[in-house]
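From first to last, the protein sequence lines stand for chains A and B. Under my numbering, the first residue of the first sequence is numbered 5, with each subsequent residue one higher. Under my numbering, the first residue of the second sequence is numbered 408, with each subsequent residue one higher.
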Amino acid sequence: MLNRTLPPALAVGLLLTAHGAVSAGTLKVAPPEIKVREHQLANGLKVILHEDHSVPVANVQVWYHVGSKDERPGRSGFAHLFEHLMFKGSANVGSEEHKAFLSSIGGRYNATTDFDRTLYFETFPSNYLERVLWLEADRMRSLNVSEENFLSERDVVKEERRQRIESPPFGRLFEVVLDKTFTTHPYRILPIGSMADLDAATIADVREFHTTYYVPNNATLVVAGDFEPEETLRWIETWYGSIPTGKPIPRNVPKEPVQTAERRTVAYDANTPLPAVIFTYHMPEAGHPDLYALEVAANILSNGQSSRLYRKMVYDQQIALQAGGQTIVLEDPGVFFFFAILQGDHTVEEAETALQEEVQRLQTTPVSLPELEKAKNQLISQEVFQRQTVQDKGEAIGYASVILGDVSRVNKELAQFQKVTADDVLRVAQTYFKPASRTVVHMLPAALKPAEPATPAPAPPANEPKTETQP
Amino acid sequence: MTPIRTAVTALALLAGISPALAQTTQEPKPAMKQTPPPPKPAQEIHFPAFEEKALPNGLRLVVIEQHETPSLSLQLLVPAGKVYAPAAKAGLADATAALMREGTQTRSSQQIAEAIDAVGGTLDTAAGLESGFVSVLVTSDQLDLGLDLLSDVVLRPTFPAEELDRWRGQTLSGLAIQQSDPGYLATAGFQRLVLGDHPYGMPSSGTVESIQKLTRDDLAAFHQRRYIPNGSILAMVGDVKALEAFAKAERAFGAWKKGEEAPIPEVKVTPKRRIVVIDKPDAVQTEIRVGEIGLAFRDPDHATSEVYDAILGATPSSRLFEEVRQKRGLSYGANSEFRLAMQPGWFLAGTNTKTESTVEALGVVLDVLRDLNARPVPALELAQRKTYITGAFPLEIETPDGIAGKVLEALKFGYGKEYLETYRSRLDAVTAEQVASFASRRIHPDQMLIVLAGNAKAFAKDLEAKLGPFETIPVSEVDLLQPDLRAKTPVTPETPAKTDK
Numbered sequence: 005m006l007n008r009t010l011p012p013a014l015a016v017g018l019l020l021t022a023h024g025a026v027s028a029g030t031l032k033v034a035p036p037e038i039k040v041r042e043h044q045l046a047n048g049l050k051v052i053l054h055e056d057h058s059v060p061v062a063n064v065q066v067w068y069h070v071g072s073k074d075e076r077p078g079r080s081g082f083a084h085l086f087e088h089l090m091f092k093g094s095a096n097v098g099s100e101e102h103k104a105f106l107s108s109i110g111g112r113y114n115a116t117t118d119f120d121r122t123l124y125f126e127t128f129p130s131n132y133l134e135r136v137l138w139l140e141a142d143r144m145r146s147l148n149v150s151e152e153n154f155l156s157e158r159d160v161v162k163e164e165r166r167q168r169i170e171s172p173p174f175g176r177l178f179e180v181v182l183d184k185t186f187t188t189h190p191y192r193i194l195p196i197g198s199m200a201d202l203d204a205a206t207i208a209d210v211r212e213f214h215t216t217y218y219v220p221n222n223a224t225l226v227v228a229g230d231f232e233p234e235e236t237l238r239w240i241e242t243w244y245g246s247i248p249t250g251k252p253i254p255r256n257v258p259k260e261p262v263q264t265a266e267r268r269t270v271a272y273d274a275n276t277p278l279p280a281v282i283f284t285y286h287m288p289e290a291g292h293p294d295l296y297a298l299e300v301a302a303n304i305l306s307n308g309q310s311s312r313l314y315r316k317m318v319y320d321q322q323i324a325l326q327a328g329g330q331t332i333v334l335e336d337p338g339v340f341f342f343f344a345i346l347q348g349d350h351t352v353e354e355a356e357t358a359l360q361e362e363v364q365r366l367q368t369t370p371v372s373l374p375e376l377e378k379a380k381n382q383l384i385s386q387e388v389f390q391r392q393t394v395q396d397k398g399e400a401i402g403y404a405s406v407i408l409g410d411v412s413r414v415n416k417e418l419a420q421f422q423k424v425t426a427d428d429v430l431r432v433a434q435t436y437f438k439p440a441s442r443t444v445v446h447m448l449p450a451a452l453k454p455a456e457p458a459t460p461a462p463a464p465p466a467n468e469p470k471t472e473t474q475p
Numbered sequence: 408m409t410p411i412r413t414a415v416t417a418l419a420l421l422a423g424i425s426p427a428l429a430q431t432t433q434e435p436k437p438a439m440k441q442t443p444p445p446p447k448p449a450q451e452i453h454f455p456a457f458e459e460k461a462l463p464n465g466l467r468l469v470v471i472e473q474h475e476t477p478s479l480s481l482q483l484l485v486p487a488g489k490v491y492a493p494a495a496k497a498g499l500a501d502a503t504a505a506l507m508r509e510g511t512q513t514r515s516s517q518q519i520a521e522a523i524d525a526v527g528g529t530l531d532t533a534a535g536l537e538s539g540f541v542s543v544l545v546t547s548d549q550l551d552l553g554l555d556l557l558s559d560v561v562l563r564p565t566f567p568a569e570e571l572d573r574w575r576g577q578t579l580s581g582l583a584i585q586q587s588d589p590g591y592l593a594t595a596g597f598q599r600l601v602l603g604d605h606p607y608g609m610p611s612s613g614t615v616e617s618i619q620k621l622t623r624d625d626l627a628a629f630h631q632r633r634y635i636p637n638g639s640i641l642a643m644v645g646d647v648k649a650l651e652a653f654a655k656a657e658r659a660f661g662a663w664k665k666g667e668e669a670p671i672p673e674v675k676v677t678p679k680r681r682i683v684v685i686d687k688p689d690a691v692q693t694e695i696r697v698g699e700i701g702l703a704f705r706d707p708d709h710a711t712s713e714v715y716d717a718i719l720g721a722t723p724s725s726r727l728f729e730e731v732r733q734k735r736g737l738s739y740g741a742n743s744e745f746r747l748a749m750q751p752g753w754f755l756a757g758t759n760t761k762t763e764s765t766v767e768a769l770g771v772v773l774d775v776l777r778d779l780n781a782r783p784v785p786a787l788e789l790a791q792r793k794t795y796i797t798g799a800f801p802l803e804i805e806t807p808d809g810i811a812g813k814v815l816e817a818l819k820f821g822y823g824k825e826y827l828e829t830y831r832s833r834l835d836a837v838t839a840e841q842v843a844s845f846a847s848r849r850i851h852p853d854q855m856l857i858v859l860a861g862n863a864k865a866f867a868k869d870l871e872a873k874l875g876p877f878e879t880i881p882v883s884e885v886d887l888l889q890p891d892l893r894a895k896t897p898v899t900p901e902t903p904a905k906t907d908k
């Protein structure tokens, strides 16, 4: 890709320039409100409609509140494998037909599985809305996967793992980082899962998963775009109303115990071309009031070439090719991570010191007013830029409803960011960036591995990073 | 995408993109199937209105008003892509674009970063095959600042030496990452070999050798010659009024001095079977690229090639996806593309697969290509692939940037509004006979270039048995500056590309 070798635009900044700190003032625009209409069917299905007639296009999203954190031990990767199988046929739709139909009308469709939810979506010419609602209803009501299709699709998912995780440079970085950051919570494992667990999955697991999680009382249907709401609600009642309610959804995800001492790991990996240093800190769950200040901190650290970590580590010191501090917001407590990918002959120790200085700076000195204002402007503009398509708006709606638990928050979050003060940022940095809550990972090229350890260990396979955990 | 973004995105998306698609269902179906609900009548689609104006210096201005959200996108396209860079200076177009935003006569690098970050906007520069791109995305209350920054970096960059050195260090580290990425190696190697010595095929981001040699003067000279108003187009799209935008753009760019237009060398290559394996012994997958020279944007076969591509591999319902992924589970994806440019670009089909199934997957790709040459496309398949393209058109013009992209492309290649308005009917008119004729004239499955990047030892025997002799290049000896990809001398050990100590 074109910009592969360039530093990321997301990197970071410091406010002093030849003219001193620059303040642009607060932007004079606001993202348009997303107007929604909520409805619930008797079987528990939540329905949220958002009209937008600017182009004759509609978007349908079905959010199932199940993700990789709901997987049983030994079945990692299953929620995602299951997502693939949802395209393999249902009572009235053959294995090829869902995608064939959408393709034939020029529609776009896909699905994504993350830690917390699985999302199916279609964007298409709006005159086909009832047909698409019908397609989604059919696979909510029934699933019809042959053994042959199951096995072939499992191979596809294994290739996906090779393509996304095992082949590309840094592909395994986050797999190692999360494995060290969490000891108990299933966030320890990426949604793609492990090869061994994928191999262990059976078609019986598939049927059980559908019965347990793919039920109206665990689903939210979002329709955004060009449609007539009364007619659409009638269609939804027709096609979804008679799908039986499922049992209460099991929610027994193991909790991550409070981390009481720093953890450090050095890993050597063949697909790590340059050394990388990562710090992670545990932070609260999505919707928690402290996340606003943490997100502001992430912008100050990482957003743009004037951000703190870019300015310091990439631009001034030239230690790093990339550096940043970002949030991974999840339904259960998530992660704030600092990272640097090293450049030239600089050492992980140098990078660690530089990152640590910036952590401490956030904890000891209030951020300046121009920095705070800049971060808030970035949050405003991101919301303006990221809500242009019916797909974008549908996702914002679904996230507010399914993960934040209140669809009205789709229009309220920005105001919360605007209230954040320099003291708030100081306080959350002190609260969450505690040494005992930190996990440090040094991910190093395999070539840097010291020769001949004292006790011979079996050589790891080429692409399995060998990890050595230090107490 | 930068590597860490890849990691972060992978984390966010991990698992899920791209659905399962397969063919047969074995299980019995209920006797009575539901009848799927029929569609409502289709609505007419019109390409959004836009206004054009040309300045005396040749710069063309376009305004597309879209008042749905308070955003404003400024996109400038300049005839300053890599095709204009000398072969030994691979990476020059990229470098010039990158360094334009790292200092001007009135602003330092950090002042530019401060100015755009303070309003939550983005300022990006890049170079493509033929064009340099400078784009600004801001909220619509920042029109003045946006134009000021855009014109400053385009008209008055100073290319400070220390900024070039900084960029060079980063780029050399980035090249080390690319050098370990089989997907990059296969694609870049394919492009280099398929185009002979034509600059379209040179590596966009350069090589360790070419990047080390670039000087400040190279960049300043490239900027001086290529960043010119004639042949450039500025699109202003979003929550803006045409009159105001024209007036302010004229103020910002009116004094830009005309330059000399430069010809693009002719692409002339005869297809000839060649198989090259880039050997990366620790690879778990093999990246597969198959193709030849394709066609120019203005080629009379352009519309037919889009339909052919949709049948072959442009979509997840196309044949490559169906045969490689759906039927055999050999890969997560398989696709094809025509890179259309002023001169003919490449035609490329590709996939990746676990090492053990390398030769099988390559065979499937070749069979799909041969089959499409041998037999006419069934009527239903042709109709569905055409409606795929025409139905997707309204989705592609949903956002201001989507509209701008279409307009810039049409104008760059010498077309106008009518071309965009008639796009769907042109595609719709393509017949099965035209597709067959196109395939027989333009697609040569048995003379195509094949580039593989993977663990050669594991599949060498099978490959030779199936397709005959091939060349192997160890990954450490790949040099994209050389016409045969083979480094003349080993890469110098003290370069940052090899950080191991």
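We treat Cβ as the ideally placed atom computed from N, Cα and C, and that holds for glycine. Note that the coordinates shown come from a computational prediction; the quantities given were computed from them, not determined experimentally.
Decide if the stretch 735-746 of chain B is in contact with the stretch 580-589 of chain B; the criterion is three or more beta carbon pairs, one per stretch, under 8 Å apart. no
Across which residues does DSSP place leucine 194/A in a beta bridge pair? Looking at the DSSP assignment, leucine 194/A forms no beta bridge with any residue, so it has no partner.
When burial is assigned at 16 or more other CB atoms within 10 Å of the CB, is alanine 46/A buried or exposed? exposed
Could you spell out where the alpha helix (DSSP H) holding threonine 794/B opens and where it closes? 786-803
CB contact below 9 Å: glutamine 364/A versus chain B: no
Considering only C-alpha positions, which residue in the set Asn148/A, Gly98/A, Leu85/A, Lys103/A is nearest to aspartate 118/A? Leu85/A
Contact criterion: CB-CB distance below 9 Å. Does asparagine 759/B meet it with respect to chain A? yes
Could you check which residue in Thr806/B, Asn759/B, Glu878/B, Tyr795/B has the C-alpha nearest to that of arginine 168/A? Asn759/B
Quick check on the burial criterion: 16 or more other C-beta atoms within 10 angstroms. Buried or exposed for threonine 431/B? Its pLDDT being 30, under 50, threonine 431/B is placed unreliably by the model, and nothing is read from it.
I'd like the ranges of any alpha helix (DSSP H) spanning at least 4 consecutive residues and lying wholly in the stretch 600-688 of chain B. 615-620, 623-633, 649-660
Identity of the residue in Leu383/A, Val59/A, Gln322/A, Asn148/A nearest glutamine 420/A by Cα: Leu383/A
Do the stretch 667-677 of chain B and the stretch 484-497 of chain B touch if we need at least three Cβ pairs shorter than 8 Å? yes
7 Å CB neighbourhood of alanine 429/B in its chain, flanking five on each side removed: Interpretation of alanine 429/B is limited by its pLDDT of 28, a score under 50 that renders its predicted location unreliable; no figure is taken from the coordinates.
Those residues which DSSP pairs with asparagine 759/B across a bridge: Glu694/B
List, in chain order, every chain A residue whose beta-carbon is nearer than 7 Å to that of leucine 544/B. Phe389
On a CA-only basis, which of Pro446/B, Ala456/B, Arg782/B, Pro445/B is nearest leucine 827/B? Give me that one, please. Ala456/B
Pairwise C-alpha distance: aspartate 646/B and leucine 802/B: 20 Å
Amino acids of chain B, ordered along the chain, whose beta-carbon sits closer than 8 Å to that of asparagine 393/A: The amino acid at residue 393/A is misidentified as asparagine; the sequence shows threonine. Correct list: Glu805, Thr806.
Following the continuous alpha helix (DSSP H) through proline 807/B, name the residue where it begins and the one where it ends. 807-819
Using three-state DSSP, classify lysine 460/B as helix, strand or coil. strand
Looking at chain E, is there any beta carbon in it that lies within less than 9 Å of the beta carbon of arginine 623/B? Among the protein chains of the structure shown, namely A and B, there is no chain E.
Would valine 541/B count as contacting chain A if we go by Cβ distances under 9 Å? no
Which residues, in chain order, does the stretch 102-115 of chain A contribute to contact with chain B at a C-beta distance below 9 Å? His102, Lys103, Ala104, Phe105, Leu106, Ser107, Ser108, Ile109, Gly110, Gly111, Arg112, Tyr113, Asn114, Ala115
With DSSP collapsed to three states, give me the class of alanine 532/A. Absent from the structure is residue 532/A, since the part of chain A shown begins at 5 and ends at 475.
Through-space distance from asparagine 96/A to valine 161/A, alpha-carbon basis: 25 Å
For alanine 504/B, three-class secondary structure by DSSP: helix
Exposed or buried, which one is arginine 658/B when buried takes at least 16 other CB atoms within 10 Å? exposed
Determine the extent of the alpha helix (DSSP H) in which proline 233/A is found, giving its start and end residues. 233-244
Local Cβ density within 10 Å of histidine 57/A, reported as buried at 16 or more and exposed below that: exposed
Mind checking if glutamate 763/B is an interface residue toward chain A, Cβ cutoff 9 Å exclusive? no
Using DSSP with H/G/I as helix, E/B as strand and the rest coil, what is glutamate 509/B? coil
Listed in chain order, which residues of the stretch 723-757 of chain B have Cβ atoms closer than 8 Å to some Cβ of chain A? Pro723, Ser724, Arg732, Gln733, Lys734, Arg735, Gly736, Leu737, Ser738, Tyr739, Gly740
Measuring CB atoms only, is the stretch 648-668 of chain B touching the stretch 457-467 of chain B, in the sense that at least three cross pairs come out at less than 8 Å? yes
Got a sec: is the Cβ-Cβ distance from leucine 481/B to anything in chain A below 9 Å? no
Quick check on glutamate 260/A - is its C-beta less than 9 Å from some C-beta in chain B? no
Any beta-carbon of chain B closer than 9 Å to the one on alanine 455/A? no
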